[in-house]
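Below: one structure, written as C-alpha coordinates.
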(Lines of atoms letter the chains of each structure in order from A; the text may use other names.)
(Lines give C-alpha, C1' and ligand atoms only; values in the text may rest on other atoms or scores of the structure.)
Protein backbone atom coordinates (compact mmCIF):
# COMPACT_ATOMS: atom_id res chain seq x y z
CA UNK A 1 0.00 0.00 0.00
CA UNK A 2 1.38 3.35 -1.09
CA UNK A 3 1.07 6.01 1.59
CA UNK A 4 1.45 9.76 1.34
CA UNK A 5 1.16 12.52 3.97
CA UNK A 6 -2.42 13.44 2.93
CA UNK A 7 -3.51 9.86 3.60
CA UNK A 8 -2.16 10.19 7.11
CA UNK A 9 -3.72 13.64 7.68
CA UNK A 10 -7.15 12.64 6.34
CA UNK A 11 -7.37 9.19 7.88
CA UNK A 12 -10.51 8.76 9.92
CA UNK A 13 -11.12 5.91 12.27
CA UNK A 14 -14.51 4.54 13.29
CA UNK A 15 -15.55 5.32 16.72
CA UNK A 16 -16.17 2.55 19.12
CA UNK A 17 -16.79 2.29 22.76
CA UNK A 18 -13.76 1.99 24.86
CA UNK A 19 -11.64 3.09 21.87
CA UNK A 20 -8.64 5.40 21.74
CA UNK A 21 -8.81 9.07 22.60
CA UNK A 22 -9.58 10.73 19.26
CA UNK A 23 -7.72 13.96 20.06
CA UNK A 24 -4.55 12.10 20.94
CA UNK A 25 -4.86 9.91 17.85
CA UNK A 26 -5.40 12.99 15.64
CA UNK A 27 -2.39 14.79 17.17
CA UNK A 28 -0.23 11.72 16.76
CA UNK A 29 -1.36 11.29 13.14
CA UNK A 30 -0.51 14.97 12.51
CA UNK A 31 2.96 14.43 13.98
CA UNK A 32 3.42 11.25 11.95
CA UNK A 33 2.25 13.10 8.80
CA UNK A 34 4.77 15.93 9.37
CA UNK A 35 7.58 13.45 10.02
CA UNK A 36 6.56 11.35 7.04
CA UNK A 37 6.39 14.48 4.84
CA UNK A 38 9.85 15.49 6.00
CA UNK A 39 11.17 11.99 5.30
CA UNK A 40 9.62 12.04 1.81
CA UNK A 41 11.25 15.43 1.09
CA UNK A 42 14.58 14.11 2.34
CA UNK A 43 14.11 10.98 0.25
CA UNK A 44 13.28 13.07 -2.85
CA UNK A 45 16.28 15.31 -2.19
CA UNK A 46 18.53 12.30 -1.76
CA UNK A 47 17.13 10.71 -4.94
CA UNK A 48 17.72 13.98 -6.85
CA UNK A 49 21.21 14.22 -5.41
CA UNK A 50 21.80 10.56 -6.26
CA UNK A 51 20.65 11.16 -9.85
CA UNK A 52 22.90 14.23 -10.12
CA UNK A 53 25.85 12.28 -8.72
CA UNK A 54 25.17 9.39 -11.11
CA UNK A 55 25.12 11.87 -14.01
CA UNK A 56 28.40 13.37 -12.78
CA UNK A 57 29.88 9.88 -12.46
CA UNK A 58 28.74 9.09 -16.00
CA UNK A 59 30.25 12.39 -17.18
CA UNK A 60 33.48 11.62 -15.34
CA UNK A 61 33.54 8.09 -16.73
CA UNK A 62 32.99 9.46 -20.23
CA UNK A 63 35.76 12.01 -19.62
CA UNK A 64 38.00 9.27 -18.26
CA UNK A 65 37.33 7.14 -21.34
CA UNK A 66 38.03 10.13 -23.57
CA UNK A 67 41.23 10.95 -21.65
CA UNK A 68 42.29 7.30 -21.77
CA UNK A 69 41.66 7.21 -25.52
CA UNK A 70 43.59 10.47 -25.94
CA UNK A 71 46.43 9.13 -23.79
CA UNK A 72 46.53 5.88 -25.77
CA UNK A 73 46.48 7.83 -29.02
CA UNK A 74 49.30 10.08 -27.79
CA UNK A 75 51.32 7.08 -26.63
CA UNK A 76 50.83 5.42 -30.00
CA UNK A 77 51.79 8.65 -31.78
CA UNK A 78 54.86 9.07 -29.57
CA UNK A 79 55.85 5.44 -30.12
CA UNK A 80 55.38 5.86 -33.87
CA UNK A 81 57.44 9.05 -33.89
CA UNK A 82 60.19 7.47 -31.80
CA UNK A 83 60.28 4.49 -34.13
CA UNK A 84 60.27 6.79 -37.16
CA UNK A 85 63.08 8.90 -35.65
CA UNK A 86 65.07 5.73 -34.88
CA UNK A 87 64.60 4.51 -38.46
CA UNK A 88 65.62 7.91 -39.85
CA UNK A 89 68.66 8.00 -37.56
CA UNK A 90 69.66 4.50 -38.68
CA UNK A 91 69.27 5.50 -42.32
CA UNK A 92 71.33 8.68 -41.81
CA UNK A 93 74.09 6.73 -40.06
CA UNK A 94 74.01 4.05 -42.76
CA UNK A 95 74.20 6.66 -45.54
CA UNK A 96 76.99 8.50 -43.71
CA UNK A 97 78.96 5.27 -43.34
CA UNK A 98 78.48 4.44 -47.01
CA UNK A 99 79.57 7.94 -48.03
CA UNK A 100 82.58 7.78 -45.70
CA UNK A 101 83.52 4.38 -47.08
CA UNK A 102 83.19 5.64 -50.65
CA UNK A 103 85.23 8.77 -49.87
CA UNK A 104 87.90 6.62 -48.21
CA UNK A 105 87.97 4.22 -51.16
CA UNK A 106 88.18 7.13 -53.63
CA UNK A 107 90.96 8.74 -51.61
CA UNK A 108 92.81 5.42 -51.44
CA UNK A 109 92.39 4.95 -55.19
CA UNK A 110 93.63 8.49 -55.82
CA UNK A 111 96.66 7.92 -53.59
CA UNK A 112 97.46 4.67 -55.40
CA UNK A 113 97.01 6.41 -58.75
CA UNK A 114 99.29 9.26 -57.68
CA UNK A 115 101.87 6.77 -56.38
CA UNK A 116 101.78 4.95 -59.72
CA UNK A 117 102.18 8.26 -61.56
CA UNK A 118 105.05 9.20 -59.26
CA UNK A 119 106.71 5.83 -59.84
CA UNK A 120 106.27 6.26 -63.60
CA UNK A 121 107.79 9.73 -63.38
CA UNK A 122 110.74 8.35 -61.42
CA UNK A 123 111.23 5.60 -63.96
CA UNK A 124 111.01 8.12 -66.81
CA UNK A 125 113.44 10.42 -65.02
CA UNK A 126 115.90 7.60 -64.47
CA UNK A 127 115.43 6.43 -68.03
CA UNK A 128 116.00 9.94 -69.43
CA UNK A 129 118.89 10.51 -67.06
CA UNK A 130 120.58 7.33 -68.24
CA UNK A 131 119.85 8.14 -71.87
CA UNK A 132 121.07 11.70 -71.43
CA UNK A 133 124.24 10.55 -69.65
CA UNK A 134 124.79 7.96 -72.35
CA UNK A 135 124.20 10.60 -75.01
CA UNK A 136 126.55 13.03 -73.28
CA UNK A 137 129.19 10.37 -72.83
CA UNK A 138 128.92 9.32 -76.46
CA UNK A 139 129.10 12.96 -77.61
CA UNK A 140 131.98 13.56 -75.25
CA UNK A 141 133.78 10.56 -76.69
CA UNK A 142 133.04 11.82 -80.17
CA UNK A 143 134.36 15.24 -79.22
CA UNK A 144 137.46 13.73 -77.70
CA UNK A 145 138.06 11.69 -80.79
CA UNK A 146 137.40 14.69 -83.02
CA UNK A 147 139.64 16.91 -80.93
CA UNK A 148 142.42 14.38 -80.89
CA UNK A 149 142.08 13.96 -84.59
CA UNK A 150 141.93 17.61 -85.47
CA UNK A 151 143.60 19.40 -82.60
CA UNK A 152 145.69 16.76 -81.00
CA UNK A 153 144.59 17.85 -77.51
CA UNK A 154 142.74 15.96 -74.81
CA UNK A 155 139.39 17.36 -73.58
CA UNK A 156 140.00 16.03 -70.09
CA UNK A 157 141.71 19.30 -69.39
CA UNK A 158 138.33 20.95 -69.58
CA UNK A 159 136.28 20.39 -66.45
CA UNK A 160 133.09 21.85 -67.88
CA UNK A 161 131.71 18.51 -69.05
CA UNK A 162 132.36 16.75 -65.72
CA UNK A 163 130.97 19.77 -63.86
CA UNK A 164 127.90 19.54 -66.06
CA UNK A 165 127.51 15.84 -65.14
CA UNK A 166 127.79 16.72 -61.43
CA UNK A 167 125.12 19.40 -61.87
CA UNK A 168 122.82 16.85 -63.51
CA UNK A 169 123.36 14.41 -60.63
CA UNK A 170 122.56 17.14 -58.07
CA UNK A 171 119.42 18.13 -60.00
CA UNK A 172 118.29 14.50 -60.14
CA UNK A 173 118.89 14.11 -56.37
CA UNK A 174 116.90 17.29 -55.66
CA UNK A 175 114.01 16.05 -57.82
CA UNK A 176 114.10 12.70 -56.04
CA UNK A 177 113.93 14.43 -52.63
CA UNK A 178 110.97 16.57 -53.77
CA UNK A 179 109.14 13.48 -55.01
CA UNK A 180 109.79 11.68 -51.69
CA UNK A 181 108.50 14.69 -49.75
CA UNK A 182 105.36 14.75 -51.92
CA UNK A 183 104.78 11.01 -51.39
CA UNK A 184 105.34 11.31 -47.61
CA UNK A 185 102.88 14.23 -47.40
CA UNK A 186 100.27 12.20 -49.28
CA UNK A 187 100.73 9.23 -46.94
CA UNK A 188 100.50 11.38 -43.81
CA UNK A 189 97.36 13.16 -45.09
CA UNK A 190 95.82 9.76 -45.91
CA UNK A 191 96.54 8.49 -42.39
CA UNK A 192 94.89 11.57 -40.88
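In the UniProt record's numbering, the protein residues as written are 1 to 192.
C-beta: ideal position from N, C-alpha, C; glycine also.
Per-residue DSSP class, three states only, for residue i
| i | result |
| --- | --- |
| residue 5 | helix |
| residue 177 | helix |
| residue 106 | helix |
| residue 17 | coil |
Short CB-CB distance (under 8 Å) between residue i and chain B
| i | result |
| --- | --- |
| residue 110 | Absent from the structure: chain B. Only one protein chain is present. |
Inter-residue Cα distance where the pair is residue i and residue j
| i | j | result |
| --- | --- | --- |
| residue 12 | residue 65 | 57 Å |
| residue 27 | residue 55 | 42 Å |
| residue 47 | residue 10 | 27 Å |
| residue 45 | residue 61 | 24 Å |
| residue 145 | residue 174 | 33 Å |
| residue 91 | residue 109 | 26 Å |
| residue 123 | residue 83 | 59 Å |
| residue 22 | residue 57 | 51 Å |
| residue 142 | residue 134 | 12 Å |
| residue 50 | residue 38 | 18 Å |
CB of residue i within 8 Å of CB of residue j, strictly
| i | j | result |
| --- | --- | --- |
| residue 32 | residue 8 | yes |
| residue 171 | residue 118 | no |
| residue 5 | residue 29 | no |
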